[in-house]
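Report on the structure given below.
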C-alpha cells in the first residue's frame, strides 16, 4: 500500500491545476472543517456553507496558503472561522425574518439550531481570536507552536489568548475545559459535510 502524500506534496499538483489533487485535499479535511464550523454557526446548513466557502478560498488563494508540518488543516480551520462570521450574520437576519412569519401549528419549524449544548453556545460567544486558539489547541489537538504558525502570531500570543479563552469558558460553564466538553455531539452531523451541492461547487472551481 502506497503512503498517502502530505497536503504540501499534493498542493504542488494543485498549483499546476490538478483538480483531482484538490478533491483529495477536500476529502481528507472537509469533515474536520465541518465539525469546526458547527462550533461557529448555529445551523448545520450554515456549517455546510462555511465548508464550501473555505475550500473555495483555498482554491482562490492556492498560491498563498500556509502549511503546518505539511498539513493544510490549520489554515483551513482559521479560514473557516473567518468565513463563519459573514455567514452567521446572514443567518441571524434570516432567522429574525422567520420569527415574524406565521406557520401552521401542524407544521414543524426548520431545524435551525442543532442540540449541541451550552459548551457550543459559549464557544460561539468568544471573540474570533480566542475561538481560533481554542479550536486549534483544545478541540483539534494542535500544539501552541503549531497554532501560532497557522495563525501567523507569536507562541506567547497563542498562550495568552488560550488562557483568557479558557477562563471565559470556565466561568460560563463552571467546569474545566476539555476537548470532550467542547465537542459534545457534532459527530452526528459530520456525514453531511460532503453534500452534493458543496462537492459540486468545489469540483467546478478545481476544474477551472
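Residue numbers (the UniProt record's numbering): 1 to 208. Just so you know, even glycine gets a beta-carbon here, dropped at the ideal spot from N, CA and C.
Check: Between the C-alpha atoms of residue 49 and residue 11, what's the straight-line distance to the nearest angstrom?
Finding: Each residue's Cα considered, the two are about 23 Å apart.
Next item on the list: Return the bridge partner residues of residue 6 from the DSSP annotation.
Entry: As computed with DSSP, residue 6 is found in no beta bridge at all.
Next item on the list: State whether the segment 134-142 contacts the segment 23-39, with contact taken as three or more CB pairs (one from each stretch) at a distance under 8 Å.
Entry: The segment 134-142 makes contact with the segment 23-39, as at least three CB pairs between them are under 8 Å.
Margin query: Applying the 10 Å Cβ sphere with the 16-neighbour rule, what's the burial state of residue 128?
Written below: Exposed, since its Cβ has fewer than 16 Cβ neighbours within 10 Å.
Notebook entry, point to check: What residue ranges within the UniProt domain "RNA polymerase sigma-70 region 2" (26-93) form continuous alpha helix (DSSP H) runs of no fewer than 4 residues, ordered along the chain?
Noted result: Counting only runs of 4 or more, we get 44-60.
Next item on the list: Would you check if the distance between the CB atom of residue 159 and the CB atom of residue 149 is smaller than 8 Å?
Entry: Judged by their CB atoms, residue 159 and residue 149 are not nearer to each other than the 8 Å cut-off.
Check: Does the Cβ of residue 171 have 16 or more other Cβ atoms within 10 Å, making it buried, or fewer, making it exposed?
Finding: Counting Cβ neighbours within 10 Å, residue 171 comes out exposed, since fewer than 16 surround it.
Notebook entry, point to check: For residue 167, which of 7, 147, 122 and 82 has the nearest alpha-carbon?
Noted result: Closest by alpha carbon: 122.
Notebook entry, point to check: Given residue 57, which residues of its chain have a CB within under 6 Å of its CB, disregarding the five upstream and five downstream residues?
Noted result: Hits under 6 Å: 79.
Note to self: I'd like to know whether the C-beta atoms of residue 22 and residue 14 end up nearer to each other than 8 Å.
What the structure shows: In this structure, residue 22 sits near residue 14, with a CB-CB distance shorter than 8 Å.
Item checked: Per-residue burial, residue 83 [other beta carbons within 10 Å of its own, 16 or more giving buried] -> Classified as buried, residue 83 has 16 or more neighbouring CB atoms from the shown chains inside 10 Å of its CB.
Notebook entry, point to check: Residue range of the alpha helix (DSSP H) that residue 151 falls in?
Noted result: Unbroken alpha helix (DSSP H) run through residue 151: 144-151.
Margin query: Distance check for residue 45 and residue 154, CA to CA, integer angstroms please.
Written below: Near 34 Å, if we compare the C-alpha coordinates of residue 45 and residue 154.
Next item on the list: Report the option in 133, 162, 157 and 3 whose CA atom is closest to the CA atom of residue 74.
Entry: Ranking 133, 162, 157 and 3 by Cα distance to residue 74 puts 133 first.
Next item on the list: State the start and end residues of the unbroken alpha helix (DSSP H) segment that holds residue 132.
Entry: Note, residue 132: alpha helix (DSSP H), 128-133.
Next item on the list: Please list, in chain order, all residues of the same chain as residue 291 whose beta carbon is under 6 Å from its beta carbon, the five residues on each side excluded.
Entry: The requested residue 291 does not occur in the structure, where the chain is confined to residues 1 to 208.
Check: DSSP three-state call for residue 140: helix, strand or coil?
Finding: When secondary structure is reduced to three states using DSSP, residue 140 falls in the coil class, being assigned neither helix nor strand.
Next item on the list: Inspect the beta-carbon positions of residue 68 and residue 146 and report whether they are closer than 8 Å.
Entry: Yes; because the gap between Cβ atoms is below 8 Å, this pair is in contact.
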